[in-house]
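Note sheet for the following structure.
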Amino acid sequence: MARIQQARGRVRTCSIFSARRDLGVIAALILCLTLLSGPAVAKDPSSQDGWSRPENLSSSPTRSRWAELANDPTSGDLMVVWEEGPFPEEEILGRRWLKASNAWTPAENLTSSAWMDKAPALLFDPNGNGHLLWTRRYAAMWGAPEDGTDLMWRRWDGAAWSEEEVLLHIDSLLPGSYGLVLSETPDSVLLFVVWDGGYRQAEYRDGAWSELAPWDYSLGVSLVRLFVDGNGIWHAAGYGLNDNPLEPWFYDAYYVNYDGTNWTTPLNLSLDDGVTNDVGLALDDQGRLHFLWSDPKYSASSDSQKSVIWERIYTGSGWTPNAEVTQFNENQAIDGFYVTTDVTGTLHLAWSEGLIVDGTHTGLDIYYQSGDGTAWGQEDLVYRSSASSQHPALALSAQDPTIVWHEALSTAEDVFFSRQVEPGPSGYEAYLPLVSR
Numbered sequence: 004m005a006r007i008q009q010a011r012g013r014v015r016t017c018s019i020f021s022a023r024r025d026l027g028v029i030a031a032l033i034l035c036l037t038l039l040s041g042p043a044v045a046k047d048p049s050s051q052d053g054w055s056r057p058e059n060l061s062s063s064p065t066r067s068r069w070a071e072l073a074n075d076p077t078s079g080d081l082m083v084v085w086e087e088g089p090f091p092e093e094e095i096l097g098r099r100w101l102k103a104s105n106a107w108t109p110a111e112n113l114t115s116s117a118w119m120d121k122a123p124a125l126l127f128d129p130n131g132n133g134h135l136l137w138t139r140r141y142a143a144m145w146g147a148p149e150d151g152t153d154l155m156w157r158r159w160d161g162a163a164w165s166e167e168e169v170l171l172h173i174d175s176l177l178p179g180s181y182g183l184v185l186s187e188t189p190d191s192v193l194l195f196v197v198w199d200g201g202y203r204q205a206e207y208r209d210g211a212w213s214e215l216a217p218w219d220y221s222l223g224v225s226l227v228r229l230f231v232d233g234n235g236i237w238h239a240a241g242y243g244l245n246d247n248p249l250e251p252w253f254y255d256a257y258y259v260n261y262d263g264t265n266w267t268t269p270l271n272l273s274l275d276d277g278v279t280n281d282v283g284l285a286l287d288d289q290g291r292l293h294f295l296w297s298d299p300k301y302s303a304s305s306d307s308q309k310s311v312i313w314e315r316i317y318t319g320s321g322w323t324p325n326a327e328v329t330q331f332n333e334n335q336a337i338d339g340f341y342v343t344t345d346v347t348g349t350l351h352l353a354w355s356e357g358l359i360v361d362g363t364h365t366g367l368d369i370y371y372q373s374g375d376g377t378a379w380g381q382e383d384l385v386y387r388s389s390a391s392s393q394h395p396a397l398a399l400s401a402q403d404p405t406i407v408w409h410e411a412l413s414t415a416e417d418v419f420f421s422r423q424v425e426p427g428p429s430g431y432e433a434y435l436p437l438v439s440r
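Count along the sequence shown from 1, then add 3; that gives the number in the working numbering.
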């Protein structure tokens, strides 16, 4: 594990080229040593070498959670959105990081409704259009004229947001938000609306959404992640039935793909080596598919043996055996992760990790590592939390990893971000002229 490097002052030896030791030389020597051995520069204990000092993006007295991050491929700018507000008046807020100024714009309320707006999903298409989708719920018992659940959408065109549009409406209050899975193709955006093990599919093309297809429950897997490769194959990861019939309330991690005509039979990749808390997919520069999932180490599950991020790789002829990506420590908890690939095929992974205390994940910090598709590199501690850091999301701008997450279990939950930077000096050095007579 990465360790916090303590800042230390540096001392350079002052050479005195003189045999004479009069009072002036001695005074200069004392001054030189005093300045050069001064105290180390103070350092934020949460700020880690190689990462920018974490910045609070929400700074709100109310709860700010579930941040999503996306990169505009046409400008290199970043956009973050999150859910904020007290129940049942949550809103979706957003900010943009501008590459030109290396700064964030002020927070903007992107929903501004009187009802509950939750669970944002965000994606930029290849043309630089930002697609924001979320679930809006309202009820007569909250003062609304009627009960209802809507799937909402807005588009950012690089200069302004479009008006809200309702993509799906039902005349009842759902007990939760839709699962929203977005993926881009070379000329469109795919949307999967997930609910209760089924999905509805739509496509954004030429400035408009197609009609949502009817609910489909035949797949048998709840989709979580999906991307389209260069051959037009859809690769998807999701949750499915546990292989242990005595523990149906724990999920396993499944892989499935679509060739344009049919879905393959879902393949259980986690099997009996654990249960699943999160899943991810990435494609390296050699065309190998990386399937990752995390095991939260549920004490009530006979399958859940250790809390790590696992990986299996499809090499073209078959799947490799399960391998541990993160380093295992006793009593640790992997709470969630996000994996993506840059244009060179380098894999980037961010995750939340802490301790399991009485079956509860606590003291969660943010970690990062990259991989070349063959091996994973060193684990970096990005942020040491004083509460619990959850739901990390990662995006790349100019190939620089940026991570956002929310701080939970604190007096006011907030959204933070940090960006990978070149390590700076840990202290300071003073250089005085040589003294001689």
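Note that CB positions come from ideal geometry on N, CA and C, so glycine has one too.
Since residue i is in the beta strand (DSSP E), which residue starts that stretch and which ends it?
| i | result |
| --- | --- |
| T343 | 335-344 |
| Q372 | 363-374 |
| R68 | 67-74 |
| F294 | 292-297 |
| K121 | 119-127 |
| F331 | Looking at the DSSP string, F331 is not in any beta strand (DSSP E), and its letter there is neither H nor E. |
| Q393 | 391-400 |
| T77 | Counting along the chain, T77 falls outside any beta strand (DSSP E), and DSSP gives it neither H nor E. |
| A162 | First-last for A162: undefined, no H or E at that position. |
| P404 | 403-411 |
| V196 | 192-198 |
| A353 | 350-360 |
| E314 | 312-317 |
| L183 | 182-187 |
Would you list the one or two residues that DSSP bridges to residue i?
| i | result |
| --- | --- |
| G151 | Y141 |
| V83 | L72, R98 |
| W212 | Y207 |
| I173 | T152 |
| A498 | Examination of residue 498 is not possible in this model, given that the chain is present from 4 through 440 alone. |
| D281 | S297 |
| E416 | DSSP output for E416 lists no bridge partner at all. |
| F230 | H238 |
| S421 | I406 |
| R387 | According to DSSP, R387 bridges with nothing at all. |
| G473 | Outside the modelled stretch of the chain, which goes from 4 to 440, sits residue 473, for which no answer is possible. |
| N271 | Y257 |
Apart from the five residues on each side of it in sequence, which residues of its chain come closer than 7 Å, Cβ to Cβ, to residue i?
| i | result |
| --- | --- |
| D47 | Any reading at D47 needs caution, since the residue's pLDDT is 46, under 50, leaving its predicted position unreliable; the model's value is listed next. Here the set comprises R56. |
| V385 | Q51, W54, I369, Y370, Y371, I406, S421 |
| E425 | none |
| S138 | The sequence shown places Thr at residue 138, not Ser. For T138, where only same-chain residues beyond five positions count, the Cβ hits under 7 Å are K121, A122, T152, L154, S180, Y181. |
| P404 | H351, Y371, L397, Q423 |
| E87 | S61, S63, T65, R66, S67, E93, E94, L96 |
| N271 | G243, D246, D255, Y257 |
Pick from the options: whose alpha carbon is nearest that of residue i?
| i | options | result |
| --- | --- | --- |
| S302 | D287, E250, N132 | E250 |
| E168 | W212, F195, N132, G182 | W212 |
| P175 | G200, P148, S273, E187 | Here the sequence assigns Ser to residue 175, which means Pro is not the residue at that position. Of the listed residues, the one whose Cα sits closest to S175 is P148. |
| V224 | W266, A326, R291, G339 | W266 |
| I173 | G161, D160, A163, A142 | A142 |
| V328 | R66, N334, I316 | I316 |
| D276 | K300, L170, A216 | K300 |
| A336 | D345, D298, D306 | D298 |
| D219 | G380, D199, S320, W296 | D199 |
| G263 | Q289, L274, L244, G235 | G235 |
| L126 | E71, L244, P109 | E71 |
| L274 | T114, I359, N325 | N325 |
| L226 | L81, Y261, A411 | Y261 |
| W354 | A390, V311, G362 | V311 |
| L170 | Q204, W85, S320 | Q204 |
| G233 | R291, P178, G201, N59 | R291 |
| D361 | N334, S389, T347 | N334 |
| T347 | F294, L286, Y341 | L286 |
| E214 | F195, S78, A103 | F195 |
So residue i packs on residue j, CB below 8 Å; how close in whole Å?
| i | j | result |
| --- | --- | --- |
| V184 | R228 | 7 Å |
| G241 | V282 | 7 Å |
| N107 | H394 | The sequence shown places Trp at residue 107, not Asn. In fact, because the Cβ distance is near 19 Å, the residues do not count as touching under 8 Å. |
| W313 | W296 | 6 Å |
| Q308 | G376 | With 8 Å as the limit, Q308 and G376 do not qualify as a contact, their Cβ atoms being about 27 Å apart. |
| P89 | W118 | The pair is not a contact, with the Cβ atoms about 13 Å apart (cut-off 8 Å). |
Ignore the nearest five residues each way along the sequence and tell me which others in residue i's own chain have a CB closer than 6 Å to its CB.
| i | result |
| --- | --- |
| S165 | R157, R158 |
| A124 | L136, L183, L185 |
| A45 | Bear in mind that the predicted position of A45 carries a pLDDT of just 34, short of 50, making it unreliable; the figure below should be weighed with that in mind. Excluding positions up to five away in sequence, the list is empty. |
| Q402 | D345 |
| S61 | S67, D417, V418 |
| A110 | L96, R98 |
| A411 | S391, Q393 |
| R208 | S191 |
Between residue i and the rest of its own chain, which residues show a CB-CB distance below 8 Å, the 5 nearest in sequence each way excluded?
| i | result |
| --- | --- |
| V231 | S186, E187, T188, L193, W237, H238 |
| S373 | T349, L350, H351, L352, W379, G380, P404 |
Tell me, please, whether the CB atom of residue i is closer than 8 Å to any CB atom in chain C?
| i | result |
| --- | --- |
| D298 | No chain C appears in this structure, which consists of one protein chain only. |
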